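K.L.:
One structure, as structure tokens, below. Some questions next.
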Ligand SMILES: [Zn+2]
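Residue numbers (full-length UniProt numbering): 1 to 157.
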């Protein structure tokens, strides 16, 4: 909800030694780039090439991956947000890969605009998602230059 004022002025990209991190290892530090190729959980389609996203800590409620199915079961969950009139169960996600240019993505799709201020990122091949989100600029209605890919909704190769 807050438009973060993080600037990219600090580009202290020391190319550190290529230490080989294992899959889904949570030992990333904020600002670190993805060492591996980021692919779709379901169809293995490439979403981001290595070193194109930056590790970010940000707490966001992201609708569950099965948002296409109607989940009428439990409405007693606090983690739900209304999306265009319907409540969707959400997961609280703390870690993301931040990408500053849409054209950095190998493949990505966008949901329809939700609540007039956000689009969700989906796999452009199998259309599963959301795998992340992007806010819209409130003045122009255009996509902002900050695309967040949820750390644990993708695979690493
Ligand atoms: Zn996919």
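Glycine included, C-beta positions come from ideal geometry on N, C-alpha and C. Computed from a predicted model, the values in this text were never measured in an experiment.
Give the residues whose C-beta lies closer than 7 Å to at least one heavy atom of ligand 1, in chain order.
P.N.:
40, 42, 43, 45, 123, 125, 126, 128
K.L.:
Taking the straight line between their C-alpha atoms, what separation do you get for residue 59 and residue 157?
P.N.:
As a first step, residue 59 is located in the chain shown; it is residue number 59 there, counting from the start. As a first step, residue 157 is located in the chain shown; it is residue number 157 there, counting from the start. Their backbone Cα atoms lie some 25 Å apart in a straight line.
K.L.:
Given a threshold of 16 other Cβ atoms within 10 Å of its Cβ, counted over all protein chains shown, does residue 141 qualify as buried or as exposed?
P.N.:
To locate residue 141, count along the chain shown from 1; it is residue 141. Burial state of residue 141 is exposed, judged by a 10 Å Cβ sphere holding fewer than 16 other Cβ atoms.
K.L.:
Following the continuous beta strand (DSSP E) through residue 96, name the residue where it begins and the one where it ends.
P.N.:
Sequence index remark: in the chain shown, residue 96 carries index 96 (1-based). Run containing residue 96: 86 to 99, per the beta strand (DSSP E) assignment.
K.L.:
Skipping 5 residues on each side, what residues in its chain have a beta carbon closer than 6 Å to that of residue 51?
P.N.:
Counted from its first residue, the chain shown places residue 51 at position 51. Sequence-distant Cβ neighbours of residue 51 in its own chain, meaning closer than 6 Å and more than five residues away, are 33.
K.L.:
Out of 35, 36, 61, which has the shortest C-alpha to C-alpha gap to residue 94?
P.N.:
Translated into positions along the chain shown, residue 94 becomes position 94. Of 35, 36, 61, the residue nearest in Cα terms is 61.
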